[in-house]
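Residue 484, in numbering that gives the first Met the number 0, is where the sequence shown stops; the numbers in between run on with no holes. Built from N, CA and C at the ideal position, the CB exists for glycine as well.
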Amino acid sequence: MSQPDDLFKKVTAHAKEYGFVFQSSEIYDGLGAVYDYGQNGVEMKNNIKEYWWKSMVQMNENIVGIDSAIFMHPKVWKASGHVDGFSDPMIDNKDSKKRYRADQLLEDQIDKYTKKGKTDKATELETAMNEALTDNNLDAMRDLIIAHEIACPISGTRNWTDVRQFNLMFSTQMGSVAEDSDAVYLRPETAQGIFVNFLNVQKSGRMKIPFGIAQIGKAFRNEIIARQFIMRMREFEQMEMQFFVRPGTEMEWFSQWKESRLKWHLALGTSPAKYRFHDHLKLAHYANAATDIEFEFPFGFKEVEGIHSRTDFDLKQHQEFSGKKMQYFDPEINQNYIPYVIETSIGLDRMFLLTLINAYREEEVGEGEKKEIRTVLALPPQLAPIKVAILPLMKKDGLPEKAREIMDRLKVSYRCHYEEKDTIGKRYRRHDAIGTPFCVTVDHESLENDTVTIRHRDSMQQERVAISALSGILEAHVSMASLLS
Ligand code: GAP
Numbered sequence: 000m001s002q003p004d005d006l007f008k009k010v011t012a013h014a015k016e017y018g019f020v021f022q023s024s025e026i027y028d029g030l031g032a033v034y035d036y037g038q039n040g041v042e043m044k045n046n047i048k049e050y051w052w053k054s055m056v057q058m059n060e061n062i063v064g065i066d067s068a069i070f071m072h073p074k075v076w077k078a079s080g081h082v083d084g085f086s087d088p089m090i091d092n093k094d095s096k097k098r099y100r101a102d103q104l105l106e107d108q109i110d111k112y113t114k115k116g117k118t119d120k121a122t123e124l125e126t127a128m129n130e131a132l133t134d135n136n137l138d139a140m141r142d143l144i145i146a147h148e149i150a151c152p153i154s155g156t157r158n159w160t161d162v163r164q165f166n167l168m169f170s171t172q173m174g175s176v177a178e179d180s181d182a183v184y185l186r187p188e189t190a191q192g193i194f195v196n197f198l199n200v201q202k203s204g205r206m207k208i209p210f211g212i213a214q215i216g217k218a219f220r221n222e223i224i225a226r227q228f229i230m231r232m233r234e235f236e237q238m239e240m241q242f243f244v245r246p247g248t249e250m251e252w253f254s255q256w257k258e259s260r261l262k263w264h265l266a267l268g269t270s271p272a273k274y275r276f277h278d279h280l281k282l283a284h285y286a287n288a289a290t291d292i293e294f295e296f297p298f299g300f301k302e303v304e305g306i307h308s309r310t311d312f313d314l315k316q317h318q319e320f321s322g323k324k325m326q327y328f329d330p331e332i333n334q335n336y337i338p339y340v341i342e343t344s345i346g347l348d349r350m351f352l353l354t355l356i357n358a359y360r361e362e363e364v365g366e367g368e369k370k371e372i373r374t375v376l377a378l379p380p381q382l383a384p385i386k387v388a389i390l391p392l393m394k395k396d397g398l399p400e401k402a403r404e405i406m407d408r409l410k411v412s413y414r415c416h417y418e419e420k421d422t423i424g425k426r427y428r429r430h431d432a433i434g435t436p437f438c439v440t441v442d443h444e445s446l447e448n449d450t451v452t453i454r455h456r457d458s459m460q461q462e463r464v465a466i467s468a469l470s471g472i473l474e475a476h477v478s479m480a481s482l483l484s
């Protein structure tokens, strides 16, 4: 298989070629770090959402879902700390006019030292960087960039500005007349929509603690360093769940959610060696425990999901800023309190990228002159965009009509694809490339005895089955139920 960098390039090219992900506004040369999902991408993304939603909301009687608006009252972001604290330390190179995240430049330098075996220098820089970050000492960060002779990758010069904090939230105007309007933000996380609806859901759903509220939705961040394809985007999607618990029980729930979320990932058949937890030693001021679930991407282990014990910080802040009580009366202990919260927050786009990378294979198949490389996406069948391709062997003799009959029967329950162009071999390869787990071929025998051949994507084995058995075979492999039990 390819080198890691090579693999990543291949997967991104494959994603475009086969209708998974396109650069936004590509005909206008694209918009940085904004992407569109194509005809296969949207299906796979919806399947990931369905898997998450079902595992959270359908499988847990004490978790319900909501869909809150992207726009929220500006005070929400004051209360949450995003107006004052959601920023990155940035530095500009005066020659190239390019802007960089100061900590990212330092981290890249640490990586360079490590790769060159200069571990002492790497450790020294890492310690100094962490100190500067903890103290929010922007001058110290600039001093480190100068001292370690870090140059701009574009201009090659060390002509740097001061380091300044840049807020990551996008703002816009609400109302038609600019003078009358108030600035509103595009939400940088979906979580706050859950917190501000805590009382609404608790009261209208008569929810008893412990209970959770789940939501899937868009989030927006003006990421300055946007790279690695859909890994870091300016518009992305999150799948978040806030689990409200009695104070003092949060560590138990934190461990439980850690275990349960990793199980969700591994149920898809990914090797456990590809995953690890990264427990945070340095905690945000509102958290008393935090971990990331990291996946081994071709560019290293990176965060896919965060699990945070957020104490009562958010609800308390909203109580203070809104003046509305955010309390829960716990009949079991006869007490009022502001619940503590365990949050699970997974980036849908990162999960999508992980799924593509993990599935991408190039395999040598055939023998002698027929030897060739087939590119296959060995996707979990439940997440595959198309579940079954219906392929008449020829475009004549009533085979298309028979194939259409099968298609019409199956498409009510499964995303199917009908195709009659090109040789059967070429059609198989196209479906291998988009990860279709099954290809059903309709031939002359099908007309005689109502049987078809079904080809399995991964083994390429074919078997003859009754048309009436197709539904059952598909159900056994592509239904979400097998992932959820
Ligand atoms: N409510 C908590 C929260 O938003 P986060 O660690 O900032 O926490 C959660 O984000 C997840 O969202 C991350 O683990 C990541 O998967 C995803 N994410 C964050 N920023 C992203 C970006 N710019 N592009 C794509 N995904 C992103």
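Residue from the options with nearest C-alpha to residue i
i: Q108; options: D138, E188, M128; result: M128
i: H443; options: S24, T354, A480, P399; result: P399
i: K96; options: G155, E106, V75, M43; result: G155
i: M43; options: T435, L314, H455; result: T435
i: K301; options: F328, I345, I341, S259; result: I345
i: Y359; options: K369, R373, D348; result: R373
i: K315; options: I306, M325, L185; result: M325
i: K207; options: K48, Y327, L143, N333; result: Y327
i: P338; options: F312, L347, D348; result: F312
i: S445; options: D431, R429, E462, H430; result: E462
i: A68; options: E188, Y285, S254; result: E188
i: S86; options: N135, A12, L105, D4; result: N135
i: Q381; options: P271, M479, N196; result: M479
i: P88; options: V162, H13, S23; result: V162
i: R186; options: R309, H147, P271, N221; result: N221
Boundaries (first-last residue) of the alpha helix (DSSP H) holding residue i
i: S470; result: 469-477
i: A480; result: 480-483
i: I145; result: 137-146
i: G40; result: 38-52
i: S382; result: The identity of residue 382 in the sequence shown is Leu, whereas the question assumes Ser. Premise fails: L382 is in no alpha helix (DSSP H) and is neither H nor E.
i: L390; result: Premise fails: L390 lies in the beta strand (DSSP E), 387-391, not in any alpha helix (DSSP H).
i: L261; result: 249-265
i: Q316; result: 312-321
i: V75; result: 73-79
i: I405; result: 398-409
i: P15; result: Going by the sequence as given, residue 15 is Lys instead of Pro. Per DSSP, K15 belongs to the alpha helix (DSSP H) from 3-16.
Host beta strand (DSSP E) of residue i (start-end)
i: T290; result: 288-296
i: N61; result: Neither: N61 is in no beta strand (DSSP E) and is coded neither H nor E.
i: E363; result: 359-364
i: Y427; result: Looking at the DSSP string, Y427 is not in any beta strand (DSSP E); the run it does join, the alpha helix (DSSP H), is 423-433.
i: F243; result: 234-244
i: A182; result: 181-184
Rounded straight-line distance, which links the Cα of residue j to that of residue i
i: E251; j: G211; result: 15 Å
i: M393; j: I423; result: 9 Å
i: F235; j: G367; result: 47 Å
i: V56; j: E16; result: 35 Å
i: S467; j: L483; result: 26 Å
i: M459; j: R408; result: 24 Å
i: G31; j: N61; result: 40 Å
i: A432; j: C438; result: 13 Å
i: D102; j: E304; result: 21 Å
i: D138; j: T160; result: 11 Å
i: K323; j: H317; result: 8 Å
i: F197; j: I65; result: 10 Å
i: P246; j: E331; result: 13 Å
i: V20; j: T11; result: 8 Å
i: Q172; j: M71; result: 12 Å
i: D181; j: G174; result: 7 Å
i: I47; j: F351; result: 8 Å
i: Q191; j: T133; result: 25 Å
i: A388; j: N45; result: 19 Å
Beta bridge counterpart(s) of residue i as assigned by DSSP
i: R98; result: D91
i: F197; result: None; F197 has no bridge partner.
i: C438; result: A388, R454
i: C415; result: V387
i: F219; result: E234
i: Q460; result: In the DSSP output, where bridge partners are listed per residue, Q460 has none listed.
i: M173; result: D181
i: N158; result: Answer is none; N158 lacks a bridge partner.
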